[in-house]
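For reference, the structure discussed in these notes is given below.
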Amino acid sequence: MYYLNNRVESLYRIFDQNERKDYLRLDLNENPGGLPQEFIDEVLSGVDSSFIAQYPETLHFTEILAKHLETDISHLCLVNGSAEGIRYIIQAFTSEGGRIVGVVPSYFMFQVYSEMYGRNFVKVPYNEDLSMDVDNIIKEMTEDTQLLILLNPNNPMGNVYSADEFERILKVAKNKQITLLVDEAYHYFYPKTFIKYALSDEHIFVTRTFSKLFSMAGCRLGYVVGWPEGVKMVQKLCTPHNTNAFAMRFAEAILESPYMLKELISKFEEGRNYLISELDKNEYPHKGEAGNFIFIKPKTDSQLIVDRMKNEKRILIKTYSNVGEFGDCLRVSIGEKKYMKKFLDALYEIDK
Ligand SMILES: Cc1ncc(COP(=O)(O)O)c(C=O)c1O
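Reminder that position 350 of the sequence shown reads as 350 in UniProt numbering, one-by-one numbering, no gaps.
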């Protein structure tokens, strides 16, 4: 008898990310500039037929990553983008009907996976002023909660948690035996991290990605950090050879380069400082710039601005509606200064 899982049938997914090649892409928090072409050519120069013919080997790169994170490989699981790691944590550490608590708005895949596997995703909303009240998170951490998802910083809200706030949450999670997942996809844009807890404690995971600052979204590479037994559970769920050889080659070259990481960070910071000072000068309210993205409250209709940016200026940005006191606003990825200038020139022309 034919069978179709009705959870899959009714699952809502968005597949609108094609034909973005010839645009300035400020809609999905990638690095619009990407890695320098000479660097790419150099990394690819050693690729031969055996590199492509053989299944990818992960040990060498995992050791390099472990060194970079000042840990050992038992704490790490490489995944095909951190979205994959998040899925496995939900699969392994929650049950059907199990309670998952997360803030909203946030990265939508947390809710998609919860729905995919029949979990009960409980939403903690933001305040009107776009701040997150930690007490509201704690209130939802009930005895029957299996997983709490925090983002440091959150996409799209850009808020972060202080060490005190995090410790308060952690204490409740420990008392009630709730696994904690901290998504640090936007680490490096915001340097503070809770990784030390994932390295020293049980039932805390941190997920990270090479898609954002490392500018490798096209290669698909992320990793899960956790305690060795927890990491083993995540590994068991991975598809065979889930980590792409090209992705590891590029990530290794960046981590081993004496200048590349610093250069990526400094170009980004220059772009962010420029964008913020221009927005301030031109009296645009903005919020949440801890990651590589920002909310901007435009002076006119945000959907119209997004459409005109795309059609007239070939710039992709996003609009969000009902964002607290910001109402309908723009969400723009931050990158190098030259791209921010292009975006601002277009904004000034359209938004009047
Ligand atoms: C908060 C957050 N987590 C995870 C991801 C997934 O990243 P990737 O699967 O490319 O590693 C994203 C992507 O935008 C994100 O915003």
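Beta carbons: idealized from backbone N, C-alpha and C, even for Gly.
query, result
"Ligand 1 heavy atoms versus the CB of Ile-209: any closer than 7 Å?", "Per the sequence presented here, residue 209 reads as Thr, with Ile not at that position. Answer for Thr-209: yes, Cβ within range of ligand 1."
"Are the beta-carbon atoms belonging to Phe-110 and Ile-86 less than 8 Å from one another?", "yes"
"So does Ala-185 have its beta carbon nearer than 7 Å to some heavy atom of ligand 3?", "Looking for ligand 3 in the displayed structure turns up nothing; the ligands present are ligand 1."
"Smallest Cα separation from Glu-140: which of Met-132, Ala-217, Ile-149, Val-124?", "Val-124"
"Hey, how far is the Cα of Phe-246 from the Cα of Ala-198?", "27 Å"
"For Met-116, which option in Gln-37, Tyr-126, Val-8 has the closest C-alpha, if you only look at C-alpha atoms?", "Val-8"
"Let me confirm a value: Thr-300 is counted as buried when at least 16 other C-beta atoms fall within 10 Å, else exposed. Which label applies?", "exposed"
"Based on DSSP bridge pairs, tell me the residues matched to Asp-183.", "Leu-151, Thr-207"
"Going residue by residue through the segment 90 to 125, where are the continuous alpha helix (DSSP H) segments of at least 4 residues, counting only ones entirely within it?", "109 to 116"
"Let me check understanding here. Comparing Cα to Cα, which of Leu-26, Lys-236, Glu-269 lies closest to Ile-296?", "Leu-26"
"Give me, in chain order, the residues of the same chain whose beta-carbon lies closer than 7 Å to that of Thr-71; leave out the 5 immediate sequence neighbours on both sides.", "Leu-199"
"Is the CB-CB distance between Leu-330 and Ile-305 below 8 Å?", "yes"
"When burial is assigned at 16 or more other CB atoms within 10 Å of the CB, is Val-101 buried or exposed?", "buried"
"Hey, Ile-334 and Gly-288: beta-carbon distance below 8 Å or not?", "no"
"I'd like to know whether the C-beta atoms of Val-172 and Ile-138 end up nearer to each other than 8 Å.", "yes"
"Please determine if the segment 214 to 234 and the segment 127 to 135 are in contact, where contact requires at least 3 C-beta pairs separated by less than 8 Å.", "no"
"Quick one, which of Asp-183, Thr-94, Pro-156, Pro-240 has its alpha-carbon nearest Asp-144's?", "Thr-94"
"Looking at ligand 1, does it come within less than 7 Å of Tyr-113, judged from the CB to the closest heavy atom?", "no"
"Where do the N-terminal and C-terminal ends of the alpha helix (DSSP H) with Ser-200 fall, by residue?", "195 to 200"
"For a test of your reading of the model: does the CB of Ser-49 fall under 7 Å from any non-hydrogen atom of ligand 1? Yes or no.", "no"
"Going by DSSP, which residues form a beta bridge with Thr-71?", "The partner list for Thr-71 (beta bridge, DSSP) is empty, contrary to what the question assumes."
"State yes or no: is the C-beta of Gly-222 nearer than 7 Å to some heavy atom of ligand 1?", "yes"
"Using C-beta distances below 6 Å, list every residue in its chain close to Phe-214, excluding the 5 sequence neighbours before and after it, in chain order.", "Ile-254"
"Please tell me whether Leu-237 and Met-340 are closer than 8 Å, where the distance is taken between their beta carbons.", "no"
"On the premise that Leu-347 lies in contact with Tyr-23, defined as a C-beta separation below 8 Å, what is that separation, rounded to the nearest angstrom?", "Not really, about 15 Å apart at Cβ, beyond 8 Å."
"Can you tell me whether Gly-288 is helix, strand or coil according to DSSP?", "coil"
"Which whole-angstrom value describes the C-beta separation of Glu-184 and Arg-208, a residue pair presumed to lie in contact below a C-beta threshold of 8 Å?", "5 Å"
"Give me, in chain order, the residues of the same chain whose beta-carbon lies closer than 6 Å to that of Trp-227; leave out the 5 immediate sequence neighbours on both sides.", "Glu-202"
"Could you tell me how far apart the beta carbons of Cys-77 and Tyr-186 are, in whole angstroms, since I believe they sit closer than 8 Å?", "Cys-77 to Tyr-186, Cβ: 20 Å. No contact."
"With a floor of 4 residues, list each alpha helix (DSSP H) that falls wholly inside the segment 276 to 350, ordered by position along the chain.", "302 to 313, 337 to 350"
"On the DSSP bridge assignment, give the partners of residue 360 in chain order.", "This structure cannot settle anything about residue 360, because the visible part of the chain is limited to 1 through 352."
"Please state whether DSSP places Tyr-223 in a helix, a strand or coil.", "strand"
"Label His-241 either buried or exposed according to how many other C-beta atoms from any shown protein chain fall within 10 Å of its C-beta, with 16 as the threshold for buried.", "exposed"
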